[in-house]
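Here's the structure we're looking at; comments come further down.
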Amino acid sequence: SRQRYSYTSLKCKPKTMEGFWFCIVVIVVPIVIQASSDIVDLSHPFNNETFYFKDDQFQLINKERGFTKLGYWIESNYFMGPEHGGTHCDAPSHFYRDGWSVDEIPVENLFGEGILIDVTQQCSESRNFEVSVEDLTTWESKYGEIPQSSIVFIYTGYSKYYPNATALVGTEEKNPNLYEFPGIDSKAARELVNRQIVAIGIDTPSVDYGRTQSYGSHVELAANNIYNIENVANLDKLPAKGFHVIVAPMKITGGSGGPCRVFAGLRLDQNGGPSFIVVEKCLFILCMINIYFLL
Numbered sequence: 010s011r012q013r014y015s016y017t018s019l020k021c022k023p024k025t026m027e028g029f030w031f032c033i034v035v036i037v038v039p040i041v042i043q044a045s046s047d048i049v050d051l052s053h054p055f056n057n058e059t060f061y062f063k064d065d066q067f068q069l070i071n072k073e074r075g076f077t078k079l080g081y082w083i084e085s086n087y088f089m090g091p092e093h094g095g096t097h098c099d100a101p102s103h104f105y106r107d108g109w110s111v112d113e114i115p116v117e118n119l120f121g122e123g124i125l126i127d128v129t130q131q132c133s134e135s136r137n138f139e140v141s142v143e144d145l146t147t148w149e150s151k152y153g154e155i156p157q158s159s160i161v162f163i164y165t166g167y168s169k170y171y172p173n174a175t176a177l178v179g180t181e182e183k184n185p186n187l188y189e190f191p192g193i194d195s196k197a198a199r200e201l202v203n204r205q206i207v208a209i210g211i212d213t214p215s216v217d218y219g220r221t222q223s224y225g226s227h228v229e230l231a232a233n234n235i236y237n238i239e240n241v242a243n244l245d246k247l248p249a250k251g252f253h254v255i256v257a258p259m260k261i262t263g264g265s266g267g268p269c270r271v272f273a274g275l276r277l278d279q280n281g282g283p284s285f286i287v288v289e290k291c292l293f294i295l296c297m298i299n300i301y302f303l304l
């Protein structure tokens, strides 16, 4: 029969301890790494291809780059561009005079539970599709009520066209009056206000559809201090619910918006802690390793 070891005797058996820690490294650590790596970047990079509504462009201008006389490397740049372009945040002040500027958005509104409303099928049939109240209630019939203080993402599928402006807005001309892309109906925006959400994100250039003249959804949301995130990326990697979101816009004093980095964490439980499944799996494997080496 196999010799039994106590924890005390294990200390006297280097090879046994080496085997124990080897198992920890090759089995448990990868599971933990996998759990921590299930974070999705929902942002497009800023560069000379960044989409802007009008004839604007992001610029990165080199200030200095090279080795100094003392031998260390240094690089420094200027960057220039409008607030509203690429993956960015619309602060409420963008469409409401008394709304929060981007630096005034409360920190607690920049982190929260996320949900995803998939309207890719409808958007594949019409470039001018608008998300309706019915689309919201259809989602709720499957997944339950839209949570209060949540961040709602509208998945149209148009991120696949980014940064090809012609494919994204349906015209080669930089004329917003000619743009065609999906958005959110103002009645649906009002319904989301009633659900007391804190933000809405979409993978098109605007929460209003391309042909809008009134920007009704912008106005409705801004008047209730709900901010928007536009040109969101990688929504195809999110589930309908069960993820958390971090929104990190540039904190520009008095800004009506700004470039934004957005992340979604897919393996968080409802309390914001590590996934129970991941913790349970790690504990089970640790127990099995212990039993193996102690028998």
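Take the position in the sequence shown, starting the count at 1, then add 9; the result is the number in this note's numbering.
Yeah, the Cβ is synthetic: ideal placement off N, Cα and C, and Gly gets one too.
Buried or exposed by the 16-neighbour rule on C-beta atoms within 10 Å, applied to G281 | Since pLDDT at G281 reaches only 44, below the 50 mark, its modelled position is unreliable, and no value is offered.
On the three-state DSSP scale, how would you describe Q205?
-> In the structure shown, Q205 sits in coil (DSSP, three-state: anything other than H, G, I, E or B).
G95: CB within 7 Å of a non-hydrogen atom of the ligand SAM = Absence of the ligand SAM from the depicted structure is noted, as is the absence of any ligand whatsoever, leaving it without description.
What residue ranges within the region 169 to 241 form continuous alpha helix (DSSP H) runs of no fewer than 4 residues, ordered along the chain?
-> Secondary structure within the region 169 to 241: the alpha helix (DSSP H) runs of 4 or more consecutive residues, fully enclosed, are 174 to 178, 195 to 203, 225 to 231 (chain order).
Pick helix, strand or coil for K20, following the three-state DSSP scheme.
-> For K20, the predicted model reports a pLDDT of 47, less than 50, meaning its position is unreliable; a value from the coordinates is still stated below. Under the three-state reduction of DSSP, K20 is assigned to helix.
I126 vs Y164 beta-carbon contact at 8 Å = A contact, by the Cβ cut-off of 8 Å.
Do you know offhand how far W109's Cα is from G266's?
-> The alpha-carbon atoms of W109 and G266 are separated by roughly 10 Å.
Are at least three pairs of beta-carbons, each pair with one atom in the region 187 to 204 and one in the region 144 to 161, less than 8 Å apart?
-> Yes, the region 187 to 204 touches the region 144 to 161.
Can you give the beta carbon distance from I48 to F190, rounded, assuming they're within the 8 Å contact cut?
-> A Cβ-Cβ distance of about 28 Å is found for the pair I48 and F190, leaving them out of contact under the 8 Å criterion.
CB-CB under 6 Å to L230, same chain, minus the five flanking residues each way: which ones, in chain order?
-> Hits under 6 Å: A198.
Measure the CB-CB distance between N240 and T96 and report whether it falls below 8 Å.
-> Yes, these two residues count as a Cβ contact at 8 Å.
Exposure of L247, with buried meaning 16 or more beta-carbon neighbours within 10 Å = In summary, L247 is buried, with 16 or more beta-carbon neighbours lying within 10 Å of its beta-carbon over all protein chains present.
From what residue to what residue does the beta strand (DSSP E) around D99 run?
-> Under the DSSP assignment, D99 falls in the beta strand (DSSP E) whose first and last residues are 97 to 99.
Is the region 214 to 221 touching the region 113 to 125 in the sense that three or more CB pairs, one from each, lie closer than 8 Å?
-> Per the Cβ contact rule, the region 113 to 125 is not in contact with the region 214 to 221 (fewer than 3 Cβ pairs under 8 Å).
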